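Asker:
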Amino acid sequence: MRYMLIMQVEPEAAAKASEELDMKQVIAAMSAYNEELQKAGVFLSAEGLSDASEGFRVDFSSVPPAVTDGPFAEAREVFTGFWILEVASREEAEHWAKQCPLGPGVALEVRRVNEFADFESVDPEWVEKAQEWRAANA
Numbered sequence: 616m617r618y619m620l621i622m623q624v625e626p627e628a629a630a631k632a633s634e635e636l637d638m639k640q641v642i643a644a645m646s647a648y649n650e651e652l653q654k655a656g657v658f659l660s661a662e663g664l665s666d667a668s669e670g671f672r673v674d675f676s677s678v679p680p681a682v683t684d685g686p687f688a689e690a691r692e693v694f695t696g697f698w699i700l701e702v703a704s705r706e707e708a709e710h711w712a713k714q715c716p717l718g719p720g721v722a723l724e725v726r727r728v729n730e731f732a733d734f735e736s737v738d739p740e741w742v743e744k745a746q747e748w749r750a751a752n753a
C-alpha cells in the first residue's frame, strides 16, 4: 500500500519557524528522517513546495475556470510538502508519520494512495489503459 504524508503548516508557525529555526538543522533533521525511510525500504518520494505566494488556484465553479493567484487568505494551513511511502499497513504508515521531525503548528495528513485495483470493478478498460500509460512513462 502506498500512503501520502501531506505536511500542513499553520501560517503563524511558518512565520515563527522562518525567524527562529536554523534551516541547516531543519534540513539535517529531515535528511536523517528520509534516510531512515530509505533504510526501511518504504521511501518512494518526497518533495517540498515553494511558498504559497508563488502558487495559484483553479476554481471550476465557473466556465471558464477562474484562476486566483496565491497566497490564499482563507487558508488555515498551507500544504508545504509531502512524502509517498510504500508500507504493508495503515499502522506502519502511522508509525512512520509519527517519526517525522515536525513541531507545533505543523501536522501531517496521511492518506492512502489509490491503486488500480480500487477501480477495476468500475472501469476495467480504463485501468488497463492507465497501466499501459504508467508503464510507457516509467
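According to my numbering, the sequence shown holds residues 616 to 753 in order. Heads up, the beta-carbon is just placed ideally off N, CA and C, and yes, glycines get one too. Note that the structure is predicted; figures quoted are calculated from it, not measured.
At the level of alpha carbons, what is the spacing between Met622 and Ser704?
Answerer: Here residue 622 refers to the residue found at position 7 of the sequence shown. Here residue 704 refers to the residue found at position 89 of the sequence shown. Going from the Cα of Met622 to the Cα of Ser704 covers about 20 Å.
Asker: In whole angstroms, what is the alpha-carbon distance linking Asp738 and Arg617?
Answerer: As a working note, residue 738 is residue 123 in the sequence shown. As a working note, residue 617 is residue 2 in the sequence shown. The straight-line gap from Cα to Cα measures roughly 21 Å.
Asker: Might you give, ordered along the chain, the residues of its own chain that have their beta carbon closer than 7 Å to the beta carbon of Gln574, omitting 5 neighbours on each side?
Answerer: It is not possible to answer for residue 574, since the shown part of the chain is limited to 616 through 753.
Asker: Check whether the Cβ atoms of Phe694 and Arg672 sit closer than 9 Å, and answer yes or no.
Answerer: Within the sequence shown, numbered from 1, the residue matching residue 694 stands at position 79. Within the sequence shown, numbered from 1, the residue matching residue 672 stands at position 57. No, these two residues do not count as a Cβ contact at 9 Å.
Asker: Are the region 650–664 and the region 707–723 touching by the rule of at least three beta carbon pairs closer than 8 Å?
Answerer: yes
Asker: With distances taken from CA atoms, which of Val725, Leu700, Val721, Ala630 is nearest Ser660?
Answerer: On the sequence shown, residue 660 is found 45 positions in, with the first residue counted as 1. When only C-alpha atoms are compared, the closest one is Leu700.
Asker: CB-CB under 6 Å to Val599, same chain, minus the five flanking residues each way: which ones, in chain order?
Answerer: It is not possible to answer for residue 599, since the shown part of the chain is limited to 616 through 753.
Asker: Starting from the Cα of Met638, find the closest Cα among Glu735, Leu717, Gly685, Glu724 and give me that residue.
Answerer: On the sequence shown, residue 638 is found 23 positions in, with the first residue counted as 1. The candidate whose alpha carbon is nearest that of Met638 is Leu717.
Asker: Quick one: Cα of Val678 to Cα of Val702, how far?
Answerer: Looking up residue 678 in the sequence shown gives position 63. Looking up residue 702 in the sequence shown gives position 87. Distance between the alpha carbons of Val678 and Val702: 41 Å.
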